[in-house]
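*Asks:*
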Amino acid sequence: MRRTHTCGEIRSADIGKKVCLQGWVRFSRDHGGVEFIDLADAYGITQLVFDPEDISSGADKNSISLALKGFTRESVVSVDGVVRKRVEGTDDPKNKTGEVEVLITKAEVLNRSNSPPFELGDQKESVLPGEETRLRYRYLDLRRTEMIEALRFRHKFISAARGYLEKNGFVEVETPMLTKSTPEGARDYIVPSRVHPGTFYALPQSPQLFKQMLMIGSMDRYYQIARCFRDEDSRADRQPEFTQLDIEMSFVDMKDIQDTIEGLLVHVWKAIYGKKLETPFMRISFEDAMNKYGSDKPDLRYDLPMIHITNIVKDAPYEIFQKVLSAGGIITGFNVKKEMAGDKIGRNEIDRLIDFVKKNGLGGMTWMRATKDSLDSNIVKYFTPDVLSKLKKEMDVKEGDLLLLLAGPRKRVLETGGQLRKKLAEDLELFDKGTFKFAWLIDCPMFEIDPASGKKDAFHHPFVHPTTSLDIANVGGASFDLIMNGSELGSGSQRIHDPEVQRQIFRMLGISEEKIGTDFGFFLEALGYGAPPHGGIALGVDRLVSILLNRETIRDVIAFPKNKKGQSLLDGSPQKVDDDKLEELQILSIAIDDIDIEDIK
RNA sequence: GCCCUGAUAGUGUAGUGGCCUAUCAUGAAGCCCUGUCGAGGCUUCGACCCGGAUUCGAAUUCCGGUCAGGGCGCCA
């Protein structure tokens with residue numbers, strides 16, 4: 001018999017029905033006579049009963065009993081039975097099928113399971129095994145409700161996004177996975193060509209150039225759930241392969257792209273949560289974000305800004321400040337309000353914060369506590385009453401507030417301030433985990449200087465349309481980021497559609513004429529054939545979904561993720577390939593392990 | 001490349017120089033039990049990441065590795 005119901009759908013209304021259920025044996029409880037089995041599938045759990053003294057007509061007690069002996073944990077079984085109400089007082093209110101049970105009339109083991117390496121029950125708070133074990137046996141991990149929910153949610157998100165985009169005339173187009181290696185940016189995963197020995201494709205870091213060429217090809221509205229690859233080190237929110245919701249539009253400006261994403265998210269919100277998402281999103285300039293929050297993706301669920309006080313304290317004879325100032329540095333501070341901190345930050349905690357600041361590259365941290373009518377600290381003596389009063393005014397100091405002051409080189413102070421702000425918010429629980437605060441980071445520069453090499457780099461990428469003359473010092477770029485809760489969810493821009501401007505940007509990035517030709521010649525040529533004004537954005541699907549589900553890492557919303565070192569613990573990739581395969585590709589490995597030491601000697 | 005944290009039965013853990021023949025739970029195997037629901041009871045099985053050092057004595061201290069995770073760099 002084929003299954004008639006899933007393990008999550010039988011209710012009181014089904015009482016008396018003959019059913020067939022198929023699923024996994026999650027738990028069984030043998031009372032020496034009556035026996036209960038929790039049968040699980042992706043939809044839920046139904047309790048099965050075998051009672052030797054309560055056998056339905058036509059059922060064979062001995063054959064059922066025999067089959068049940070083969071029901072090991074996580075075995076796949078098929079059971080026929082009759083739905084009945086549970087004995088008075090034995091309902092299970094925690095389970096949506098908890099009012100009914102299925103009295104077994106026939107049982108069969110479809111596939112016996114080995115004893116699982118970790119416990120799969122997750123009705124209550126179960127103890128999760130380490131992630132290594134979960135990834136090694138991902139197919140078992142996926143049976144857990146949490147994982148099933150994550151993948152369903154992810155699907156729902158993508159499905160709703162598709163619905164919105166299709167309704168608005170977007171066409172999903174697949175761009176190639178075997179593409180050209182690009183010189184700038186992240187490292188490529190490369191794929192050897194057998195037909196052209198010694199040459200390689202690269203897996204796409206993003207469909208950037210192809211989606212732009214789709215616009216040149218008059219596609220007008222494009223989207224793709226695009227897999228992207230970057231051979232860089234992983235993080236909790238970064239995997240070697242990841243998914244972007246990639247969008248490109250013709251005849252639009254930045255506002256049109258932002259409106260589209262806001263519309264999309266409103267639609268998704270409605271579909272997933274049944275709620276209205278407030279738009280338009282707040283906008284914050286790159287400069288404000290850095291100055292106030294020390295981050296290009298500040299968490300805006302709480303305020304706690306940096307308040308710059310360089311001008312107020314510049315004359316105070318406090319040696320540390322004077323040293324910093326004479327080196328061209330700045331002084332800034334946080335006012336940790338009494339309402340935020342309560343009495344959570346005592347002397348010991350301040351010492352820990354000072355350590356934190358030191359680890360983040362500053363010499364230390366000065367602090368003051370606001371008393372009834374003054375500021376209390378071992379360094380107040382260096383500040384005149386006038387300076388203290390100005391400081392109190394500027395930082396809006398009330399009794400019980402704690403001032404944390406940072407001094408040092410501008411960039412260092414802002415970055416460390418941003419880290420400290422984040423830490424304070426976490427320690428003091430300044431935000432609600434269920435709140436999602438979107439914002440657009442706007443007014444970005446076109447270029448940034450790499451502090452290590454002193455080289456000029458593109459702030460976003462080299463295809464961003466400049467918003468100012470290219471001759472001035474701080475060229476602006478028509479790019480923007482979607483940020484939420486301290487994460488960057490995606491970045492978009494209006495693109496360059498004039499080949500001469502594009503060529504000029506490549507030159508400004510220090511790419512030689514020859515390189516421009518070999519690496520981007522085809523693209524410059526394409527721009528030359530009537531490229532329409534266009535722009536687009538890419539949203540990180542893994543990241544967004546993991547934040548919405550409050551998961552610590554994007555691995556928890558990816559069915560088969562890699563570990564931190566980029567390995568799949570499930571199939572053991574990456575692996576060596578046989579020598580004859582390499583030979584066919586005319587590839588010779590010079591990895592240390594592959595070199596025969598004797599040969600070298 | 002660097003920094004931080006961790007590693008004890010299949011799984012999750014306790015254990016800060018001798019009370020360790022290593023705790024507890026879960027699991028597995030077996031037995032008992034007729035209304036449980038992560039059932040319960042009894043019995044059994046099963047572990048200190050590797051190498052070196054210190055010490056009379058190391059799971060515990062030190063050094064070096066390996067593995068895992070978080071972060072910096074990197075991610076145009």
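If you're matching positions, the first sequence starts at 1 in this note's numbering and goes up one per residue.
Heads up, the beta-carbon is just placed ideally off N, CA and C, and yes, glycines get one too.
Spell out the partners DSSP gives lysine 456 in its beta bridges.
*Replies:* In the DSSP output, where bridge partners are listed per residue, lysine 456 has Ile449.
*Asks:* What residue range is occupied by the uninterrupted beta strand (DSSP E) comprising histidine 534?
*Replies:* Its beta strand (DSSP E) spans residues 534-540.
*Asks:* Take every Cβ of the segment 350-365, pair it with every Cβ of the segment 374-389, and state whether three or more of those distances are shorter than 8 Å.
*Replies:* These segments do not touch.
*Asks:* Could you tell me the alpha carbon to alpha carbon distance between lysine 323 and alanine 316, rounded to whole angstroms?
*Replies:* Near 11 Å, if we compare the C-alpha coordinates of alanine 316 and lysine 323.
*Asks:* Threshold first: 3 residues or longer. Then list the beta strand (DSSP E) segments lying entirely within the segment 57-128, N to C.
*Replies:* Runs found: 76-85, 100-111.
*Asks:* Which residues mark the beginning and the end of the beta strand (DSSP E) in which glycine 408 is found?
*Replies:* Where glycine 408 is concerned, the enclosing beta strand (DSSP E) stretches over 402-408.
*Asks:* From leucine 300 to proline 93, what distance separates their C-alpha atoms?
*Replies:* So the alpha carbons of these two residues sit roughly 40 Å apart.
*Asks:* Considering only the alpha carbon of each residue, which of Glu119, Ala439, Arg154 lies closest to leucine 140?
*Replies:* Ranking Glu119, Ala439, Arg154 by Cα distance to leucine 140 puts Glu119 first.
*Asks:* CA-CA distance, phenylalanine 50 and leucine 103?
*Replies:* For phenylalanine 50 and leucine 103, the distance between alpha carbons rounds to 6 Å.
*Asks:* Measuring alpha carbon to alpha carbon, tell me which residue in Gly263, Asp498, Leu482, Asn485 is nearest glycine 530.
*Replies:* Per the Cα distances, Asp498.
*Asks:* Using only the alpha-carbon positions, how far apart do aspartate 519 and isoleucine 496 sit?
*Replies:* Going by the C-alpha atoms only, they are around 17 Å apart.
*Asks:* To the nearest whole angstrom, what separates the beta carbons of alanine 150 and methionine 282, a pair I think is in contact under 8 Å?
*Replies:* That pair is no contact at about 28 Å.
*Asks:* Contact check, isoleucine 307 vs glutamate 394 under 8 Å by CB: the rounded distance?
*Replies:* About 6 Å; that satisfies the 8 Å criterion.
*Asks:* What residue range is occupied by the uninterrupted beta strand (DSSP E) comprising serine 285?
*Replies:* Taken as a continuous stretch (DSSP letters only), the beta strand (DSSP E) holding serine 285 covers 282-285.
*Asks:* Quick check on DSSP: helix, strand or coil for aspartate 220?
*Replies:* Note: aspartate 220 maps to coil in three-state DSSP.
*Asks:* Among Asp188, Thr310, His5, Phe431, which one has its Cα closest to the Cα of lysine 390?
*Replies:* For lysine 390, the nearest C-alpha among the options comes from Thr310.
*Asks:* Can you give me the C-alpha to C-alpha distance between threonine 175 and threonine 279, rounded to a whole angstrom?
*Replies:* Cα-Cα distance, rounded: 32 Å.
*Asks:* Within 10 angstroms of its Cβ, does asparagine 335 collect 16 or more other Cβ (buried), or is it exposed?
*Replies:* Asparagine 335 comes out buried.
*Asks:* How about the segment 30-46 and the segment 68-83: do they share at least three Cβ pairs that are nearer than 8 Å?
*Replies:* The answer is yes - the segment 68-83 touches the segment 30-46, with three or more Cβ pairs under 8 Å.
*Asks:* Based on the DSSP output, what are the partners of threonine 179 in its beta bridges?
*Replies:* Per DSSP, Ala202.
*Asks:* Just list the alpha helix (DSSP H) runs in the segment 497-565, keeping only unbroken ones of 4 residues or longer that don't cross its boundaries, in chain order.
*Replies:* As far as the segment 497-565 is concerned, its whole alpha helix (DSSP H) runs of at least 4 residues are 499-508, 513-527, 541-548.
*Asks:* Could you tell me which residues DSSP pairs with glutamate 35 in its beta bridges?
*Replies:* Answer is Asp30, Phe50, bridged to glutamate 35.
*Asks:* Provide the residue span of the alpha helix (DSSP H) that contains threonine 243, from first to last.
*Replies:* Here threonine 243 belongs to no alpha helix (DSSP H); instead the beta strand (DSSP E) covers 241-250.
*Asks:* Nearest-angstrom Cα distance between alanine 160 and valine 268?
*Replies:* Using only the alpha carbons, I get a separation of about 5 Å.
*Asks:* At a cut-off of 7 Å, would you count aspartate 556 as near the ligand ADP, judging by its Cβ distance to the nearest heavy atom?
*Replies:* Ligands in the displayed structure: none, and consequently the ligand ADP is not present.
*Asks:* If you count every other CB in all the chains shown that lies within 10 Å of the CB of isoleucine 472, and 16 or more means buried, which is it?
*Replies:* The residue is exposed, with fewer than 16 neighbouring Cβ atoms inside 10 Å.
*Asks:* Count the other CB atoms within 10 Å of the CB of isoleucine 449; is the residue buried (16 or more) or exposed (fewer)?
*Replies:* Flag for isoleucine 449 reads exposed.
*Asks:* Between glutamate 101 and glutamate 248, what straight-line distance do the alpha-carbon atoms span, to the nearest angstrom?
*Replies:* Rounded to the nearest angstrom, the two C-alpha atoms are 53 Å apart.
*Asks:* Quick check: the Cα distance between glutamate 339 and leucine 548, rounded to an integer number of angstroms?
*Replies:* The alpha-carbon atoms of glutamate 339 and leucine 548 are separated by roughly 28 Å.
*Asks:* Taking the DSSP output, what are the residues bridged to phenylalanine 438?
*Replies:* Beta-bridge pairing links phenylalanine 438 to Met484.
*Asks:* Going by DSSP in three states, phenylalanine 463 sits in which element: helix, strand or coil?
*Replies:* Of the three classes helix, strand and coil, the one that applies to phenylalanine 463 here is coil, per DSSP.
*Asks:* For glutamate 132, which residues in the same chain have their Cβ closer than 8 Å to its Cβ, ignoring the five residues on either side in sequence?
*Replies:* Here the set comprises Asn563, Leu569.
*Asks:* Measure how close the beta-carbons of phenylalanine 436 and glutamine 258 come, nearest whole angstrom, since I'm counting them as under 8 Å.
*Replies:* That belief does not hold up - the Cβ atoms of phenylalanine 436 and glutamine 258 are roughly 17 Å apart, past 8 Å.
*Asks:* Could you tell me the boundaries of the beta strand (DSSP E) in which valine 324 lies?
*Replies:* Looking at the DSSP string, valine 324 is not in any beta strand (DSSP E); the run it does join, the alpha helix (DSSP H), is 319-326.
*Asks:* Would you call phenylalanine 522 buried or exposed, if buried means 16 or more other Cβ atoms sit within 10 Å of its Cβ?
*Replies:* Counting Cβ neighbours within 10 Å, phenylalanine 522 comes out exposed, since fewer than 16 surround it.
*Asks:* Just the Cα atoms here: how many angstroms apart are valine 541 and asparagine 550?
*Replies:* Computed Cα separation, rounded: 14 Å.
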